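Numbering (full-length UniProt numbering), first residue to last: 1 to 211.
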C-alpha cells in the first residue's frame, strides 16, 4: 500500500512523460541485472564511469540483450579509485555524455525489477542523475542478491556469521568467475547468482509444502 502511494507520487513528479513507461507493469518473468563502476562510494558526490546490465527472461540470462556503456567523468579520475574500478583515462576515450547514457539505460531497463549486489548503492547513484533529468528517483523495484543469499543460509547456519562477500556467494553457488572485472561481467555474474538463488528458494518452498 505504502509503496503504491510512493509510486503514484513519483509518477506525478515525472517531468518528461515520455518516461511514463517506467511505471508500467513489469513484463512477467523479466528482470534486469545491473552493476555500476563509479569514482567512489558516495552517491551524492561521486560519478558513474560505466554501467553494465543484462536482461533475465524466463529464468535465462539473455547474452544477446546486454547493455554496456561508459560515461564521461566531469573531472580527472582519482588515481586511487582506479585500483577499485580499473578504468583509466584512456579506457574512457569513447565514453558518452552522462545524460545520454542515463536516457539509454532507462530505455533498456523499462519497468523491470533491477537485480544487483548491494544494489541500493547503484540505484542511489543512478537516481542522482534521473532526478536531474526526469525529476524522480529510479522507480523500479530493487532485488538484493546478498539478501536472498542471507535468507537461504540463515535457515541452515543457526544464525551464525554469514559471509556476504561476492566471491563467497559465487563459490558457494559454484558459479564460474568471469575473467575481467567490469560492470557488464559483474552484472552477468550477479544474474547467475540470482537465478541459482531463485531455484534454491523454489526447492526449499517445495520441501516445506510437503511437510
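Note that CB positions come from ideal geometry on N, CA and C, so glycine has one too.
Note that this is a predicted model, so its numbers are computed, not measured.
Residue from the options whose Cα sits closest to the Cα of residue i
i           : options              : result
residue 115 : 168, 178, 53 and 210 : 53
residue 57  : 95, 32 and 111       : 32
residue 108 : 55, 72, 62 and 73    : 55
residue 21  : 35, 147, 134 and 3   : 134
residue 50  : 4, 76, 59 and 34     : 34
residue 143 : 202, 180 and 121     : 121
residue 88  : 72, 204 and 4        : 72
residue 37  : 26, 63, 69 and 64    : 69
residue 170 : 61, 161, 155 and 188 : 188
residue 74  : 147, 39 and 91       : 39
residue 76  : 46, 137 and 136      : 46
residue 201 : 44, 147, 103 and 126 : 147
CA-to-CA distance, residue j to residue i, given in whole angstroms
i           : j           : result
residue 151 : residue 197 : 10 Å
residue 145 : residue 16  : 31 Å
residue 212 : residue 167 : The structure shown does not extend to residue 212, since the chain spans only 1 to 211, so no value can be given for it.
residue 203 : residue 186 : 26 Å
residue 191 : residue 175 : 11 Å
residue 164 : residue 42  : 21 Å
residue 48  : residue 93  : 15 Å
residue 13  : residue 209 : 44 Å
residue 30  : residue 162 : 29 Å
residue 5   : residue 11  : 10 Å
residue 160 : residue 149 : 14 Å
residue 28  : residue 9   : 24 Å
residue 229 : residue 132 : Here the chain comprises residues numbered 1 to 211, so residue 229 is not present and cannot be evaluated.
residue 156 : residue 97  : 47 Å
residue 141 : residue 23  : 10 Å
According to DSSP, residues forming a beta bridge with residue i
i           : result
residue 33  : 54 and 115
residue 190 : Answer is none; residue 190 lacks a bridge partner.
residue 38  : 48
Neighbour-count burial assignment, residue i, 16 or more Cβ in a 10 Å radius
i           : result
residue 182 : buried
residue 215 : Any answer about residue 215 is impossible in this case: the structure gives the chain only from 1 up to 211.
residue 139 : buried
residue 130 : buried
residue 177 : exposed
residue 63  : exposed
residue 193 : buried
residue 2   : exposed
Any chain B beta carbon closer than 8 Å to residue i
i           : result
residue 147 : Any reference to chain B falls outside this structure, which holds one protein chain only.
Open item on the list: I'd like the ranges of any beta strand (DSSP E) spanning at least 3 consecutive residues and lying wholly in the stretch 40-96.
Closed with: Unbroken beta strand (DSSP E) runs of no fewer than 3 residues, entirely contained in the stretch 40-96, are found at 48-57 and 60-70, following chain order.
Open item on the list: If we require 4 or more residues per run, which alpha helix (DSSP H) segments fall completely within the stretch 99-147?
Closed with: With a minimum length of 4 residues, the continuous alpha helix (DSSP H) runs that stay inside the stretch 99-147 are 119-134.
TODO: Let me know the alpha helix (DSSP H) ranges lying completely inside the stretch 147-188, each 4 residues or longer, listed in chain order.
DONE: Fully enclosed alpha helix (DSSP H) runs of 4 or longer: 166-172.
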